[in-house]
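Here the structure is laid out as structure tokens; the discussion comes afterwards.
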Amino acid sequence: MKKILIALFFLSFSAALFSWVCDGCPAAYKYNYDGSDAFGSRSYLPDMASDLEDNHGIRVFIKIDHDAEKYDTESTAKDYFNSLDFTPQDRAVVIFTSEKNHESSIMLSDSLKTVFNGNYVKNLQDDVLDSLQGKWYIDYRHVLAKVLGSFVYMLEKQNMTAAQIDDARPHMIIADDALYNISLLPVIRDIIALFYMEPLSFIFYFPFVMYFLMVRWAGCGGGRMRFVFSNIIWGALMIFFAALIINRVNIYLNEYVSALMIICGFNVPVYALLYWFYRDSIGSAAYSYLNDVTGGFDKLNIFEGNRWEK
305 MKKILIALFF LSFSAALFSW VCDGCPAAYK YNYDGSDAFG SRSYLPDMAS DLEDNHGIRV
365 FIKIDHDAEK YDTESTAKDY FNSLDFTPQD RAVVIFTSEK NHESSIMLSD SLKTVFNGNY
425 VKNLQDDVLD SLQGKWYIDY RHVLAKVLGS FVYMLEKQNM TAAQIDDARP HMIIADDALY
485 NISLLPVIRD IIALFYMEPL SFIFYFPFVM YFLMVRWAGC GGGRMRFVFS NIIWGALMIF
545 FAALIINRVN IYLNEYVSAL MIICGFNVPV YALLYWFYRD SIGSAAYSYL NDVTGGFDKL
605 NIFEGNRWEK
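When you read off a place in the sequence shown, starting at 1, and then add 304, the result is the number in this note's numbering.
What follows is the structure, encoded as structure tokens:
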């Protein structure tokens, strides 16, 4: 009981620290911060929206619908678009997001349809908004900031240096990147989706399955050259998919790192505390395993029925 009470106190104290805010700090320190939803990280949504409106004359309309009932997102988004007060000559970006359906729609005024590529906008809608929306590790304001930042990138990329683009990557999607666009192709996109479904299993099984199909099944039996050639193709294909996946992970790297830090912040102290409580039992179990299973350092090694001399 004593250990349980200590653990509960420790966890309660950590939770209390997470909710602390800086009262009386300068306004610039708290600008665009929200500790309740975005884990205390800065949201660049106001920056990107003001950049589009002030520097490029593009009006930004964002509608987050919190209706609990499911409905057709596309038709509702069109109704919202038609209800807005702007003329076809106005430059406007309209984003409609359904919190319940986890679906979004990006619409442009007629004057912007010749400025932004339609496939580019479609990729932002399907691959960014829809795939990131509803994830616990990224606030919807951050997702919207990435989308608006992508429009800013398309308008300003001609004047941006490579260093500036690298600095801006966490706040925008570089949707004209070659690897990114290849990863959106139908079959390739489905394979990468398997990685996101279960990363560890994908990393372990995908190379072995492809090796069996390409080398053991198709490459063997056709002579040495065919075997070597199939190995080269298999290796190139693994490098190709590794590059695509690393590139996709890099796009959302900040969000993944934030999620990892949160998980570590809650779990590492707990595991450290459990080790401190049960360190004698853990040491005893490790010693028993060393002597009873492996045979120890001074005996013949025995493991899983196999026996070999030292």
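Even for Gly, the Cβ is constructed at its ideal location relative to N, Cα and C.
As the structure is a computational prediction, the values presented were derived from the model and not from experiment.
Minimum C-alpha distance to residue i - residue among the options
i      : options                           : result
VAL519 : PRO503, LEU541, LEU498 and SER415 : LEU541
LYS426 : TYR591, ASN485 and LEU577         : ASN485
GLY539 : TYR556, PHE510 and ILE567         : PHE510
HIS370 : PHE385, SER408 and ASP389         : SER408
PHE531 : PHE516, GLN468 and ILE555         : PHE516
ASN405 : GLU373, PHE581 and VAL456         : GLU373
PRO490 : GLN462, ASP430, ILE537 and ASN535 : ASP430
THR664 : SER415, ILE368, ASP383 and MET501 : Nothing can be reported for residue 664, as the shown portion of the chain is limited to 305 through 614.
ASN423 : ILE362, MET565 and ASP480         : ASP480
PRO474 : PRO350, ASN421, ASN554 and VAL572 : ASN554
PHE420 : LYS461, ASP434 and SER387         : LYS461
ILE492 : MET476, ALA546, LYS417 and ASP584 : ALA546
Sub-8 Å separation of residue i and residue j beta-carbons
i      : j      : result
THR401 : TYR348 : no
MET411 : VAL398 : yes
VAL364 : ALA353 : yes
LEU428 : HIS360 : no
SER487 : ILE478 : no
ALA615 : GLY453 : Not covered by the structure: residue 615. The range shown for the chain is 305 to 614.
LEU548 : LEU483 : yes
SER413 : ASP394 : yes
Which of helix, strand or coil DSSP assigns to residue i
i      : result
SER413 : coil
VAL398 : strand
GLU378 : helix
ASP369 : strand
SER354 : helix
GLU460 : helix
SER408 : strand
TYR560 : helix
VAL364 : strand
GLN429 : helix
PHE485 : Contrary to the premise, residue 485 reads as Asn rather than Phe in this sequence. Looking at ASN485 - three-state DSSP - the assignment turns out to be helix.
PHE420 : coil
PHE390 : coil
SER347 : coil
ILE495 : helix
ALA479 : coil
ASP443 : coil
Residue i burial status per 10 Å Cβ neighbour count (16 or more: buried)
i      : result
ARG552 : buried
THR377 : buried
VAL451 : buried
ASP358 : exposed
LEU504 : exposed
PHE570 : exposed
ASP470 : exposed
MET501 : exposed
ALA449 : buried
PHE544 : exposed
ILE550 : exposed
MET565 : exposed
SER534 : buried
ALA396 : buried
ILE362 : buried
MET529 : exposed
Nearest-angstrom Cβ-Cβ length linking residue i and residue j, presumed shorter than 8 Å
i      : j      : result
PHE506 : PHE499 : 4 Å
VAL447 : ASP355 : With 8 Å as the limit, VAL447 and ASP355 do not qualify as a contact, their Cβ atoms being about 17 Å apart.
ILE366 : GLU403 : Wrong, their Cβ atoms sit about 13 Å apart, outside the cutoff.
TYR579 : ILE586 : 7 Å
Residue i CB to nearest heavy atom of the ligand FMN below 7 Å
i      : result
ILE477 : This structure lacks the ligand FMN, and indeed carries no ligand of any kind.
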